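**Student:** First residue of the sequence shown? That's 351 in my numbering, and the numbers climb one at a time after it.
The beta-carbon is built from N, C-alpha and C at its ideal position, and this holds for glycine as well.
Quick caveat, the model's predicted, so the values are computed rather than measured.
One structure, as structure tokens, below. Some questions next.
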Amino acid sequence: MATTRRNLIFALAAIITGLISIAFGLGVDRASTIFARITAHHRWLVFILCPAGFALIVTLTRRVFPGAQGSGIPQAMAALQMQDAAGVDAVLSVRIATGKFLLTLLGFMVGASIGKEGPTVQIGCAVMNVCGRIGLERSHALQRLLILAGGAAGITCAFNAPVAGIIFAIEEMARSFDDRQVRSIILAAFVSGVTLFLALGYHPYFGLSPALLPIGADWLAVPICAGIGGIAGGAFARILVKPAQFMPGPINRLATSRPVAFAALCGLILAAIGFASHGQVFDASYGQARAALTQGIMPPLDFAPLKFVSTLVSYLSGIPGGIFAPSLAVGVGIGTGFAHLLPGLPVAGFAMIGMAGYFSGVVQSPLTATAIVIEMTANPAMTVPVGIAAILGTMASRLVCKTPVYHAMAQQFLRVVERPAPVTESV
């Protein structure tokens, strides 16, 4: 009976996560459309919307929803290591999940180069944590299981990719394989996936990609593309983990002493990049990535570096938002860059190679990267070259960034929340 009750609660939480993610996804699409319509005929408005929007979001984050900043995945991974149930409840609270939902939508409405997957993971973990209090005896083992299942449901819902959600929870979050955990993770992923399927039907995130990469001379470019993508992904991760090492002193002091003004500066930089790129780097750049993967339409040669910087400043500003989807877009830009430089290379195929190499460079989880790329394009014919690119990208990334980005940021988060409060002496 205890196992049945636990499974029912996991299934209920997965359904709730699926329904929330549907509303979240529709909201993200609507928010991006609003931004595009506002700036379509008056492009100069980005110089008002982006800085003012970033400043507003950081203000709301600090004053109304403290703890809602950032991706959400490092916070969920930090909660896995917490022994204190009250600490987990604070990190995975309804208040923070609500803030993540609303402020991420506002970020898309002002053009931030962010994704919805990190917030969806934290929302999924929060839903699991809340539902786990119903009729279940709390323990550290159950607490971990709820968070892992929430992470799997979150990735599943963000990308309509249940297999990727399962692998992400096992490879990236748990870093171990436990048969009892895996059953609950699979249950959460597939129940949330079925919820999405019943509501929206089957729609691969990027559509159906016709990409193929027959054995031949084109394969000689695969390790080069994957290696460059991995090094770039590793560099991105290293900057995220220790931004103070890469920013000038005055900018560091501004970020520390005046975070709202720093956020506005980040928004201004994003606006300038977006204006120069004719809007291609705003939000998750989903349209550019989908066009390359399904139609072989290449973004400009400078798309990858501009998207790299726009995602960097969006994340460092302190607003809520994920890095999965923008990272995939950067990878597409790297892969299609090879097609620009070497005419004749299959555009869609190298878009997938670049995506796997760069994304695996950022997260250093090759199985997760392979599963996400294949499942999001519904193209199992590319499994072997994509898997090779993911492995090579991870290896190249470790040359510049020794610790996986989410694990490093989770440890930073733990050090902050577990720091003892200063002792004051009464006079």
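So, for Leu-486: in the same chain, excluding its five sequence neighbours on each side, which residues have a beta-carbon less than 8 Å away from its beta-carbon?
**Tutor:** Only Arg-355, Arg-356, Ile-359, Leu-492 meet the Cβ criterion.
**Student:** Which two residues bound the contiguous alpha helix (DSSP H) that contains Val-438?
**Tutor:** 435–441
**Student:** How many angstroms separate the CA atom of Arg-603 from the CA atom of Val-663?
**Tutor:** 16 Å
**Student:** Rounded to whole angstroms, how far is the Cβ of Ala-613 from the Cβ of Ser-526, which I believe are closer than 8 Å?
**Tutor:** Actually they are not in contact, since the Cβ atoms of Ala-613 and Ser-526 sit about 37 Å apart, beyond 8 Å.
**Student:** Which residue spans inside the segment 533–606 form an unbroken alpha helix (DSSP H) run of at least 4?
**Tutor:** The DSSP assignment places complete alpha helix (DSSP H) segments of no fewer than 4 residues inside the segment 533–606 at 571–591, in order along the chain.
**Student:** So what does DSSP say about Gly-629, is it helix, strand or coil?
**Tutor:** Shown here, Gly-629 sits in coil according to DSSP, grouped into three states, outside any helix or strand.
**Student:** Can you confirm whether the segment 685–698 touches the segment 639–655 when touching is taken to mean that 3 or more C-beta pairs between the two stretches lie within less than 8 Å?
**Tutor:** These segments touch.
**Student:** Find out if the Cβ-Cβ distance for the pair Cys-507, Leu-496 is shorter than 9 Å.
**Tutor:** Result no, Cβ atoms of Cys-507 and Leu-496 do not sit closer than 9 Å.
**Student:** Taking 9 Å as the threshold (C-beta atoms), are Phe-653 and Gly-687 in contact?
**Tutor:** In this structure, Phe-653 lies closer than 9 Å to Gly-687 by Cβ.
**Student:** Specify, as a first and last residue, the run of the alpha helix (DSSP H) that Met-648 falls within.
**Tutor:** Careful: Met-648 lies outside any alpha helix (DSSP H) and carries neither H nor E.
**Student:** For Ile-473, count the other beta carbons within 10 Å of its own beta carbon; 16 or more makes it buried, fewer makes it exposed. Which is it?
**Tutor:** buried
**Student:** Once you ignore the five residues that flank Asn-479 on each side, which residues in its own chain have a CB closer than 6 Å to its CB?
**Tutor:** Leu-442, Leu-496
**Student:** Who are the Cβ neighbours of Gly-468 in its own chain at under 6 Å, not counting the five residues just before and after it?
**Tutor:** Ser-421, Gly-422, Ile-423, Gly-672
**Student:** What three-state label does DSSP hand Leu-486 in the structure shown?
**Tutor:** coil
**Student:** What is the residue span of the alpha helix (DSSP H) that Ser-796 lies within?
**Tutor:** Nothing about residue 796 can be read from this structure; the chain reaches only from 351 to 777.
**Student:** Determine the direct distance from the alpha carbon of Met-705 to that of Val-750, and round the result to whole angstroms.
**Tutor:** 19 Å
**Student:** Is DSSP giving Gly-671 helix, strand or coil here?
**Tutor:** coil
**Student:** Just curious, the alpha helix (DSSP H) that Arg-380 is in, first and last residue?
**Tutor:** Here the alpha helix (DSSP H) through Arg-380 covers 352–390.
**Student:** In three-state DSSP terms, what is Gly-449?
**Tutor:** helix
**Student:** Here's the rule: buried if 16 or more other CB atoms are within 10 angstroms of the residue's CB, otherwise exposed. What is Ser-489?
**Tutor:** exposed
**Student:** Distance check for Val-544 and Pro-735, CA to CA, integer angstroms please.
**Tutor:** 29 Å
**Student:** Closest to Leu-548 by C-alpha separation, out of Asn-510, Ala-476, Leu-692, Gly-457, would be which residue?
**Tutor:** Ranked by how close their Cα comes to the Cα of Leu-548, the residues Asn-510, Ala-476, Leu-692, Gly-457 have Asn-510 in first place.
**Student:** Taking the alpha-carbon positions, what's the Glu-775 to Thr-753 distance?
**Tutor:** No answer about Glu-775 holds up, because its pLDDT of 39 lies below 50 and its placement is not dependable.
**Student:** Which of helix, strand or coil does DSSP assign to Gly-461?
**Tutor:** coil
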